[in-house]
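To convert a position in the sequence shown, counted from 1, into the working numbering, add 400.
These notes are about the structure you will find just below.
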Amino acid sequence: MSQPLIQQSLSSPVVESCDVLVCGGGPAGFAAALAAARSGARTTLLEMHGCLGGIWTSGCLSWIIDHRNKTGIMPEIRERLIGLGGLASYGEGKHSSAYDVEVMKALLDTMALEAGIHVRLHTRVVSAVKDSNRLSHVVTESKSGREAWQAKVFIDATGDGDLAFQAGCRYAVGRPGSGETQPMSLMAIIAGVHARDIAAFYTDSSGGDRELTKHRLYEYLRAHGIAPSYSAPTLFRIHDDVFALMANHEYGYSGTNAQDLTDATLHARHEVNTIVDTLRRSGPPWDGIRLVATGNQIGVREARRIRGRYEVTLEDLTSGRQHPDPICTVTFCVDVHSTNPVSGRAFGNEDVIVRPYHIPLGAAIAADVDGLMLAGRCISGDFLAHSSYRVTGNAVQMGENVGKVAAYCAAVGQLPHEIDFARFRQETHAVLSV
Ligand SMILES: Cc1cc2nc3c(=O)[nH]c(=O)nc-3n(C[C@H](O)[C@H](O)[C@H](O)COP(=O)(O)OP(=O)(O)OC[C@H]3O[C@@H](n4cnc5c(N)ncnc54)[C@H](O)[C@@H]3O)c2cc1C
């Protein structure tokens, strides 16, 4: 049934004109803005929540995957977190590290300000304006009303591809055919228990059998009357007395539908509270457990994958494809959280063996609109490829290199798809962290 329409003519003041405008301040957008600003571009970063970091902070994630092979901003963040006491101190694993959410928030603020990025929080991208086929303005809404932002190059790092969608780009969602997507999860931070007392149940990066700890936690909860919607519930040790909890899966909801996001969040928050209450009531060692925070943004694993000038495919993963214009080297596996609870409520690699592979620049350049780049989980790839490259170590690396390319384009007056990549590297002495 078609809905009634209200016609309203809206005009928006152009509040700023910059070189590089980054939309979305998650791991990818933060790194893109930082790299662009450090390359000399006048850079603005728009973020709808009240902090930078995306899933790292608003989502309370606490666990960085696929960062150990990276150079550039990713190890810089890691080192600075260590200096601030914000990286788990018990040692780091081959691929993953735990961090303190509040320390991460403060660090990203500091780094953004040091680099001279114009940061605007609490500001949501709602529309795009084109001049012919070239993106010319982004329109936002906030407490300041409707505002327009002009830039030479735009980067969509909204995770969900909001800007590219508004600009009219083609995109794909979910599994081919069914469109089923991975479930959302509401992350939580808990305290009031000590690592020495719950060693059988938590995961950290110092080794041990992670699947066993998840299984034990699941069976423990079942023995006390509840079966979490995620059958591999995970406690990540951040400090000895602070943990992140991922125990929830919300199936069948769309990350780009506000009512779905609302329903999933309400349902998830109830489940997380029930799980923590159940643990507390089960007695020692859980009797002091407290739910400190839930993410103010439910974690959306996947939404739109925007059509780029190159699409990363499963074949790239299995063959370990290398490209002459790499912006990231991915080493992480295929990691699909169940898209259908009837066939299981955990995660798996769908029998795919991944060899380290490149993401080429083309996957980060929108195919349908000029002047628009992509970074993070909304880049161009198929369903299984996305499940591998989406993790945050990769989001940072691709963001960083996209930011460098965007700054170069703004400086030389070329569109991203027009540049000669070898020349860009030569002229900028760009050390691409691949
Ligand atoms: C529950 C869950 C668990 C995960 N586990 C891990 C893990 O353990 N380790 C790991 O490394 N990765 C993990 N991932 C994957 C990873 O977190 C994401 O793929 C990653 O966040 C991608 O980074 P991003 O910057 O592209 O997106 P996001 O982190 O989603 O950042 C997007 C940013 O854009 C902002 N934004 C969105 N729309 C707008 C708009 N219209 N206007 C303005 N701003 C906007 C958002 O507020 C956000 O800050 C997990 C993901 C989820 C959901």
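All residues carry an ideal CB built from backbone N, CA and C; glycine is no exception.
Here the structure is a predicted model, which is why all the values come from computation and not from measurement.
Sequence-distant residues of the same chain with beta carbon closer than 8 Å to Asp641, five excluded per side: The beta carbon of Asp641 sits closer than 8 Å to the beta carbons of Ala591, Gly592, Val593, His594, Ala595 from its chain, once the five residues preceding and following it are set aside; these are given in chain order.
Extent of the continuous alpha helix (DSSP H) to which Val501 belongs: That run of the alpha helix (DSSP H) goes 501 to 514.
Nearest-angstrom Cα separation, counted from Gln408 out to Arg478: A direct Cα-to-Cα measurement between Arg478 and Gln408 gives close to 48 Å.
Measuring alpha carbon to alpha carbon, tell me which of Ile779, Pro726, Leu717, Gly450 ends up nearest Phe732. The option with the nearest alpha carbon to Phe732 is Leu717.
Would you please verify whether the beta carbon of Val415 is less than 8 Å from any beta carbon of chain B? Among the chains of the structure shown, chain B does not appear; only one protein chain is present.
Are Gly574 and Phe783 close, meaning C-beta to C-beta below 8 Å? In this structure, Phe783 lies closer than 8 Å to Gly574 by Cβ.
Quick one: does the C-beta of Gln697 sit closer than 7 Å to a heavy atom of ligand 1? Within the cutoff, so yes.
Secondary structure of Pro741, DSSP reduced to three states: Reduced to three states, the DSSP call for Pro741 is helix.
Do the region 542 to 561 and the region 622 to 631 make contact, defined as three or more Cβ pairs closer than 8 Å? The answer is no - the region 622 to 631 does not touch the region 542 to 561, with fewer than three Cβ pairs under 8 Å.
Hey, could you find the ends of the beta strand (DSSP E) His624 is sitting in? Taken as a continuous stretch (DSSP letters only), His624 belongs to no beta strand (DSSP E), as it is neither H nor E.
Taking 7 Å as the cut-off, is the beta-carbon of Arg478 closer than that to any non-hydrogen atom of ligand 1? For ligand 1, no non-hydrogen atom lies closer than 7 Å to the CB of Arg478.
Paired residues, beta bridge with Asp770 - DSSP: According to DSSP, Asp770 shares a beta bridge with Arg534.
Would the beta-carbon of Gly720 fall within 8 Å of that of Val553? For Gly720 and Val553, no; Cβs fall outside 8 Å.
For Gly453, count neighbouring Cβ atoms within 10 angstroms of its own Cβ and tell me buried if that reaches 16, exposed if not. Buried, by the Cβ-count rule.
What does the alpha-carbon distance come out to for the pair Val526 and Pro475? Between Val526 and Pro475, the C-alpha separation is close to 33 Å.
Return yes when the C-beta of Gly424 is under 7 Å from any heavy atom of ligand 1, and no when it is not. At least one heavy atom of ligand 1 sits closer than 7 Å to the Cβ of Gly424.
Please list the terminal residues of the continuous beta strand (DSSP E) segment that includes Ala551. Under the DSSP assignment, Ala551 falls in the beta strand (DSSP E) whose first and last residues are 545 to 556.
On the criterion of 16 or more Cβ atoms from any shown chain inside 10 Å, does Gln697 qualify as buried, or is it exposed? Buried: at least 16 other Cβ atoms inside 10 Å.
Taking only heavy atoms of ligand 1 into account, decide whether any of them is closer than 7 Å to the Cβ of Trp686. Answer for Trp686: no, Cβ out of range of ligand 1.
Under 8 Å between the Cβ atoms of Ala528 and Leu563? Yes, they are a contact pair.
When the Cα atoms are used, what is the spatial distance from His758 to Thr828? Those two C-alpha atoms are separated by around 21 Å.
If you draw a straight line from the C-alpha of Gly450 to the C-alpha of Val422, how long is it? Straight-line Cα distance between these residues: approximately 16 Å.
Could you check what DSSP says for Ala599 in three-state terms: helix, strand or coil? Coil at Ala599, not helix or strand.
Less than 8 Å separating the beta-carbons of Val796 and Ile482? In this structure, Ile482 does not lie closer than 8 Å to Val796 by Cβ.
Range of the contiguous alpha helix (DSSP H) that encloses Arg669: Per DSSP, the unbroken alpha helix (DSSP H) holding Arg669 starts and ends at 658 to 681.
Verify the contact flag: Ile465, CB atom, against every heavy atom of ligand 1, threshold strictly below 7 Å. The answer is yes for Ile465.
Roughly how many angstroms separate the alpha carbons of Asp820 and Ala811, rounded to a whole number? Asp820 and Ala811 have their C-alpha atoms spaced approximately 14 Å apart.
Here's the rule: buried if 16 or more other CB atoms are within 10 angstroms of the residue's CB, otherwise exposed. What is Ser774? Looking at the sequence itself, residue 774 is Leu, so the reference to Ser does not match. Under the 10 Å beta carbon count, Leu774 is surrounded by 16 or more other beta carbons and is classified as buried.
Supposed contact pair Gly699 and Leu521 - C-beta distance, whole angstroms, cut 8 Å: With a beta-carbon spacing of about 20 Å, Leu521 and Gly699 fall beyond the 8 Å limit used to define contacts.
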